[in-house]
Every structure is written in structure tokens, then in C-alpha cells.
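Participant: Mind having a look at this structure? Questions to follow.
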Amino acid sequence: MKAIAARRHHRQAPVVLLVLALLVMGGVYAAFATTSADATVVTQSDDDVEAGRKLFAANCASCHGLNAEGRQNAPSLVGVGAASVYFQVSTGRMPMQADAPQAEAKPPQFGEEATRQLAAYVASLGAGPAIPTEDQVDPAKGDPASGMALFRTNCSMCHAASGAGGALTQGKYAPSVLNTDPAAIYTAMATGPQSMPVFNDMTLTPEEKRDIIAFIDAQKEGAPGGLDLGQIGPVGEGMWAFIVGMGLLIACAVWIGAKSS
Amino acid sequence: MTTTRLERASAGTADFLDQRTGIGVAVKNFARKIFPDHWSFLLGEIALFSFVVLLGSGIFLTMFFVPSMTEVHYEGPWAPMHGVEMSEAFASTLRLSFEVRGGLLMRQIHHWAALLFMAAIVVHMLRVFFTGAFRKPRELNWVVGFTLLILGLAAGFTGYSLPDDVLSGNGLRITDGVVKAIPIIGSYMSYFVFGGEFPGTDIIPRLFTLHILVVPGLILALIGLHLFLVVLHKHTQFPGSGRTDGNVVGFPLFPVYTAKAGGFAFIVFGLITLMAATIQINPVWNYGPYDPSPVSAGAQPDWYMLFLEGSLRLMPGQTEYVIGGYTLSLNVLIPAVVIPGLLFTVLGAWPFLEAYATGEKREHHVLDRPRNAPTRTAAGVAIVTAFFILVLAGANDLIATHFEMSLNDITWAFRVLFFVAPVFAFWITKRICLGLQRRDRDLVLHGHESATIVRLAHGEYIEVHKPLDEHELWLRVNYSSPRPIEIEPAEDSRGVRRKGYRADRIRRRLSEFFYADRIEPVSAEELAAARAHQAEHHALLEGGGRHSAALPAEESTSTTVDVEATSDR
């Protein structure tokens, strides 16, 4: 302790302290932020519906109405189904934080149990798409090649060919799907949240949805050929050609031509 | 004197060649050729060496690429494509990427080299423009270089369309749209280009022939002409003491520049390879084989075509008219043909425009400092600004997502900026140039501030200025500043209207646009007067120095005695 005390006025002391403080903060955050939202399907019981009703009344009813009948700017949830609740709540989009062009994904506000209960309550209000089973969203069971073709025809015009996302009108956007969990991808297709169209089982069969999930999963294997520069295509490549390529070459040219006569 | 075997062998070879071709004279002259030294003269070399890399890697790629649109089913190792129907061009690109040893590296080397080739051409062109290196006798070489820029665009466009992926296919679809927008002959031209209805099965083989034969052949020939003209005209040099339009100050080609350029070539090769080995480029396996139905978000061309994409994105779509059953697509024609046509015409014709406005016939071998040609510099910045706005507009969706802004607002902002920003850039650049010229003038007349304020015996305060040395003076006074040309009056002495007056008046207007705002360079008389004034100061200081040196301590807040001259930079 004495050795530390003797060095407390050392020049590097603030830096060391800062590093330590950051480590502690990071550690604490990591410990609390690991609540993941895995898709597990548990049979709904009346208890769940009742618990969900209470959660709904406490957290959602102020906008969606006490009976989920909807208000101005908040749609009715009768008939949207458990899948919709699962997507919106497990990705943190609901409860909505601010009135933005579209609800942003953020760390989920409810745990798995509470999400399931909310879903059970909303599903009890009227029939709608259900939360998929684990089997339905298992990337290993899908065909990535078929998924690639389906993705290109149905998804890439908004989410881009790589799935990295793209812009929509008036500040709305199609988010990146590269790190979205399979059940959320499935429920998004089934319910068409926000600007997204609904891809019901007539448009894309459950098997085709699983193929798409398999294709997106295949993207995670890493990019052949090196750094992917955020997968934003030629604009990113051009920018780096100037920053890295021309930047370094001009630096070399300055070095070579330094001894000006 | 002893000679090694190697020396004897090389001497013998040289002698053999010299006796049969007389090449010794050429080698001697060439080796002694003097080139001036400046880093910005190496920018063109970056383009040249990138082109060498393009040729080498391109030859490798042709060994494996199959320029055919025959439909096949993919059977290679890339799982997400198993069994997918695609053209042979796309399948062979996948084979190059995943099966041919070193194929992906070569593809990436080729593509990065292409991006750098175009970047180097543009930066080199900017250097030539802003330093006035295109003036007589080099106007023709400017046109050659400008043609090389266009050919570079053509090479890039024909090249990135070859893999027949969705992204480049979207680009071809846009090309098809642009061709069809040409009035009257549009649809016939489209059928002619694609060999039938888009996309047909002819376009990839046709682009291939253009890309590996016609365009590179032309580029190679024009590079030869470009370099020949550089040697013929001798290289320009930056202004500085001892440099005139009649000499070239620098080092000989051999050994200095052979070593420097040779070394730089390897730096360029190395950097391109390093980028290709570590950074992914054009991952066609993400985009998938071309199919006319899907269009993906974030579909953009390579950076050098991005201004066209931006131009199309900015144009409001309502400007399509149907006249007597025929469609006039101004919404495509204006952004894809008229706007780039205007910008490029101004750029290509600039040397002639400037020569016309100046009315000068003499040769220029000493470069201009950009500040000494305010209108040219301002116009250059304005053109670059317009291009840059179009490039940004081409990436408007990425700006929207990455900076969380509304796509519509960005598009409107760029629509306005495209017209406003170049004018503003022109005005502000010109003002900055004129300001710098005034500052130069001031510096020449008064010298460097020495931060020494001296009180003379009779109570007067003067600031001591350190006069500029000869080198500094040369740079600041030794340039030409053309005046607007004078024209003869509209009527002669008998009151008869003069022929050619109208043309002269246009020329006068152009000349005024260029040279009406000007700062007169310091003349010899002005300099002599300023020197005399400074000498007067010095005399005062010498005479009364002892009395003035001691300032009261509490007053000398900003006073330091005998401080080094502050630099003007």
C-alpha cells in the first residue's frame, strides 16, 4: 500500500485510475447487460394471460389503451398475435422510448418470462401469428442457397444485398439484420412491423422463412477477402481508397520528394 | 584496369544494341534529362504504376474469367449459392474467388488498383489545373490527359459490370435507361448496345472485348503520347529563385529519378497488394447473380461513377413529358447527359477558354501559385464542389442511415446545394486568393514583422520589420498578372460599325470575368520605395538606438527585443 501511496502523485496516476475506472464500469455493465432474448416457446396458460394483463396495464395501456383497443398514434393490438409482441418487446422496440420516425431497437425492457406473458395476453385478445418454435427458426435446418434467392427478391431492396440495412423515406430505415436473433427475424416477417410489409405464410412459407434465416446466419461466418468495411458497398470502398490508398501514397510521395532543390 | 565478367557482358550487350540501333545517343540524352523535384509531380506516377498493376493482374484474371452469359447451375464450394442459376461469367468469378489459388487476391488487387488509378488521375488533374500547368504549350497534353480520364471511366465501368452480379447489373440497367432516354434514337440504340431487349446475352462478351482490348489499348497508346509530350515540352516547375520559363531546375533522370520512380513503383505495388490482402472489395457473392427483377438497397457504382448516380438521384422525376405519343425523359436526360456533359466540357476546354480570355501567346514553364490565378482557382474549386455534391448525393441513403437523417431532407438539401454551393465556393475561394495576394504584397513591401516595437528618441513608436531575402522575394513578385484585354471600339473613326465587334465584346466580357479583380504584383519602383523607407527606419534605429532600447518594464507587455522573424506561413 505504501508503494502505491508513494506514487499517487505520479504523472501517469490519472491515466491508470481512468483505465481502472473504465474496466470496473465495463465489468459492471457486462454483468448486468447480459439479458439475452432467446426464442423459447412455452405453452400459454391462463396464469400467463392474467400476469400479462397486469403487465400490460402497468406498462403498455397508457398508449395502447386499457383493453389494447388502441389510441391516437398507438395501434390496436387486438389480433396482432403473440409474434408481434415477441418482436416488438424482445428487440426493445416496445415500450417506445421517444417519438421518432420509427421505434428503435434497444436493450429489451422485459425479461423472457414477462415477454411471454405479455404475448400470451395479447394473443388471448384475438387470433394472430404465433411465436415460432425453435425448430422453425433453426438456421441449421434451412437451405441458405434458397434463402439467398428469396432474400434477394423479397428483402434486399430495403435491407441491402448483404443485410446491412438501408434508408427509407423521412428518416425511417430498414435496420441491419446481421445480428438479429432468428426468432425476431421470423416474427418480423410474419407480422411486418413498422414500414415492413407482412410476409405471411402464403407469401413465404415457414420453410422459406427458415431458409432466409439460414442465409442470414451464413453471413456471420465472416467475409472472405479481409475487412468488410461495414458491408456498405462501393461508397465505403471508394472512401477507403482515398483515405488509406491515396493518403499513404501521397505521404510516400511527400517523403520521396522531400529534398526539394 | 580490371573488369568483371558482368561488366564485360553488359558492356558487350550495350555495344551490340548501340551498333545496330544507335540507341546510345537517345539513352545519353534521356539519362541527362532534367526533371524538377516536387512531391506533387509524383501523383501522375501513382496512376501510371496503378495501370501497370491493372495490366498485370488483368492478364491473370482473363486466364480464368469466362465472358459468357450462358446459364449454369453453381456447383462450387460457396454454400449459399449451391444450385443457384447464374451466368458463366458470374460462376467463373466465384471460381476465381474461391477455387483458383490466389484468385481472390488478384481480383481484389485489380479492383483496388482500379479505384486508385482513377483517384490518382483525378488528384493529378487537380494539381495540373490549380498550378496552371495546362497553359501553352501543354494544352494538347491536357486534352490527352482529359481523354485518359474519360477512358479510365470507361475502363472502370466496363470492368465492374463483367462479373454479372446484381449490383453491376443494376448499373447496366441504369445505362440502358440513359441510352433509352436519348430522344428519337434511344430505343434503337438500346437494342443495338444490348443486342436485343435488355439484358440479352450479348452485353457481357461485348463489355469484355471493350474492357480487355479496346479501352486498355487506347489508354496505353495515350499514356505513351502523354509521357512523350511531357518529355517534349519538358516538365513544368514551381516558382522559386532562379527558375524561369527558359530553364528547368532539378535533377537528372539517371540516377536520381530512375531510383526515385523505380522505388515509388514498388511502393505503389506494395500498397495495392497490402490493401487487397486485407480489405474486401466488391464481394459479388453477397450480391448474387444478376437477375433483372431484384434491386437491392445501397446499390451504388464505384466512386468515380458516383457523381452520375447522384445526379440521377437528385433529379425530380416529374420532368418526363409525352409529346404526341413520344416520351421525352428529361428526368434522365438532364442528370445523366446534360449535367455531366456541361461539367466535363468546361473541364476539357479550360486551357483554351483561359488562353482566349488572356489573349496571351507566350509559353509558360513556371507554374502558378494557385493564389496568383484567383479566378481559375475559384472556378476549379467550384467544379470540384459541384462534383462532390453529386458524389454525396449518390450516397444519400448511406448518409441518411449513418447520420440518422431524413432521406428526403438530404435530397432537397443537395438539390439546393448543387446550385448554391459552387457559386459560394467560387466567391469565397476568389476572396481568399485575393486576400493571400494582398498579404504577399504587404509582406514584400514591409518585410516580416519582428514583434519588436521600438520607441525613438523623440517619442515615436515604430515596429521593426525584417526585409525578405532574395528567395522569398522571387516567389512573391515574379509572376504575371494578366489584365482584362482591351478591344477596339464598336465604330471606327468614321462612325461605321466594325465587323467582329460582337465576338470581341464576348471575349472582353470573358476576360473581365477572369481578370477584372486583380492585385497588382509589386513593381520594381514600389519595392525600391519600400526599401528606402525601411532604410530610413534603420537609420533612425542606428542613430537613436541607445535611447530607445530601454522601455519601462511595466509598459513592455507585448515587447520582446531581438526576436526571430515570424514566418509568413
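Heads up: the protein sequence lines correspond to chains A and B, in order.
Every position in the first sequence, counted from 1, becomes a number in my numbering once 74 is added.
Every position in the second sequence, counted from 1, becomes a number in my numbering once 3 is added.
Built from N, CA and C at the ideal position, the CB exists for glycine as well.
Classify LYS433(B) as helix, strand or coil using the three-state DSSP reduction.
Facilitator: helix
Participant: Taking its Cβ as the centre, do 16 or more other Cβ atoms sit within 10 Å of GLN146(A), making it buried, or is it exposed?
Facilitator: exposed
Participant: DSSP three-state label for GLN283(B), please.
Facilitator: coil
Participant: Between the region 285-306 of chain A and chain B, which residues of the former have CB atoms less than 8 Å from a CB of the latter, in chain order?
Facilitator: Those would be PHE289, ALA292, GLN293, ALA297, PRO298, GLY299, GLY300, LEU301, ASP302, LEU303, GLN305 and ILE306, in chain order.
Participant: Please return the same chain residues whose Cβ sits closer than 6 Å to the Cβ of SER171(B), not counting the five positions on each side in sequence.
Facilitator: Hits under 6 Å: TYR163 and SER164.
Participant: Between which two residues does the alpha helix (DSSP H) containing MET222(A) stretch?
Facilitator: 218-228
Participant: With 8 Å set as the bound, which would you pick, yes or no: does the beta-carbon of ALA262(A) sit closer than that to a beta-carbon of chain B?
Facilitator: With 8 Å as the cut-off, ALA262(A) does not count as an interface residue toward chain B.
Participant: Which ranges would you report for the alpha helix (DSSP H) in the region 375-454 of chain B if only whole runs of at least 4 residues count?
Facilitator: 377-397, 399-405 and 410-449
Participant: Closest to ALA116(B) by C-alpha separation, out of VAL147(B), MET278(B) and ARG35(B), would be which residue?
Facilitator: MET278(B)
Participant: Within the same chain, show all residues whose beta-carbon is closer than 6 Å to that of ILE490(B), passing over the 5 residues directly before and after it, in chain order.
Facilitator: Apart from the 5 residues on each side of it in sequence, ILE490(B) sits with its Cβ closer than 6 Å to the Cβ of ASP507 and ARG511 in its chain, given in chain order.
Participant: For PRO255(B), name the three-state secondary structure that DSSP assigns.
Facilitator: The answer is strand: DSSP assigns PRO255(B) an E or B state.
Participant: With a threshold of 8 Å between beta-carbons, can LEU151(B) be considered close to chain A, or not?
Facilitator: For LEU151(B), the nearest beta carbon of chain A is not closer than 8 Å to its own beta carbon.
Participant: On the DSSP letters alone, give me the boundaries of the alpha helix (DSSP H) that VAL146(B) sits inside.
Facilitator: VAL146(B) -> alpha helix (DSSP H) spans 142-163.
Participant: Give every residue of the same chain whose Cβ lies closer than 6 Å to the Cβ of VAL184(A), excluding the five residues on either side of it in the sequence, and list them in chain order.
Facilitator: Correcting the residue identity first, residue 184(A) is Phe in this sequence and not Val. Here the set comprises VAL163.
Participant: Secondary structure at GLN183(A), three-state DSSP: helix, strand or coil?
Facilitator: coil
Participant: Tell me, to the nearest whole angstrom, how far the beta carbon of LYS433(B) is from that of PRO377(B); I am working on the premise that it is less than 8 Å.
Facilitator: At roughly 5 Å, the Cβ-Cβ gap stays under 8 Å, so LYS433(B) and PRO377(B) are in contact.
Participant: Determine the DSSP secondary structure at LEU96(A), reduced to helix, strand or coil.
Facilitator: Reduced to three states, the DSSP call for LEU96(A) is helix.
Participant: Does ASP168(B) come out as helix, strand or coil in the three-state DSSP assignment?
Facilitator: strand
Participant: Taking the alpha-carbon positions, what's the SER314(B) to LEU393(B) distance?
Facilitator: 6 Å
Participant: Please state if the CB of LEU256(B) and the CB of HIS127(B) are separated by a distance shorter than 8 Å.
Facilitator: no
Participant: When the cut-off is 8 Å and only beta carbons count, does HIS461(B) lie next to chain A?
Facilitator: no
Participant: Which residues in chain A sit within 8 Å of PRO304(B), going by Cβ to Cβ distance?
Facilitator: PRO308
Participant: Buried or exposed: ARG366(A), going by 16 or more other Cβ atoms within 10 Å of its Cβ?
Facilitator: The displayed coordinates of chain A run from 75 to 335. Any statement about residue 366(A) would go beyond what the structure contains.
Participant: Just tell me which of PRO267(A), LEU323(A), MET222(A) and VAL309(A) has its CA closest to the CA of PRO304(B).
Facilitator: Nearest C-alpha to PRO304(B): VAL309(A).
Participant: Sort ARG479(B), ASN173(B), PHE44(B) and LYS31(B) by Cα distance to ILE330(A) and report the nearest one.
Facilitator: PHE44(B)
Participant: Could you tell me whether any Cβ in chain A is nearer than 8 Å to the Cβ of ALA92(B)?
Facilitator: no
Participant: For ARG127(A), decide whether its Cβ has a neighbour in chain B, counting only Cβ atoms nearer than 8 Å.
Facilitator: no
Participant: What's the gap between the Cα of MET89(B) and the Cα of ARG226(A)?
Facilitator: 14 Å
Participant: So for THR330(B), helix, strand or coil by DSSP?
Facilitator: strand
Participant: Of all Cβ atoms in chain B, is any one closer than 8 Å to the Cβ of ARG361(A)?
Facilitator: Residue 361(A) is absent from the structure shown; chain A starts at 75 and stops at 335.
Participant: Alpha carbon to alpha carbon, what distance is there between TYR194(B) and MET72(B)?
Facilitator: 17 Å
Participant: Would you list, in sequence order, the uninterrupted beta strand (DSSP E) runs of no fewer than 3 residues that lie entirely inside the region 73-152 of chain B?
Facilitator: Taken in chain order, the complete beta strand (DSSP E) segments of 3 residues or longer contained in the region 73-152 of chain B are 74-76 and 88-90.
Participant: With H, G and I counted as helix, E and B as strand and the rest as coil, what does DSSP make of PRO256(A)?
Facilitator: helix
Participant: For GLY301(B), tell me which candidate among THR277(A), ALA238(A) and PHE273(A) has the shortest Cα-Cα distance.
Facilitator: ALA238(A)
Participant: Chain B beta carbons: is any one of them nearer than 8 Å to that of GLY312(A)?
Facilitator: yes
Participant: Considering only the beta carbon of each residue, do LEU333(B) and GLU323(B) sit closer than 8 Å?
Facilitator: yes
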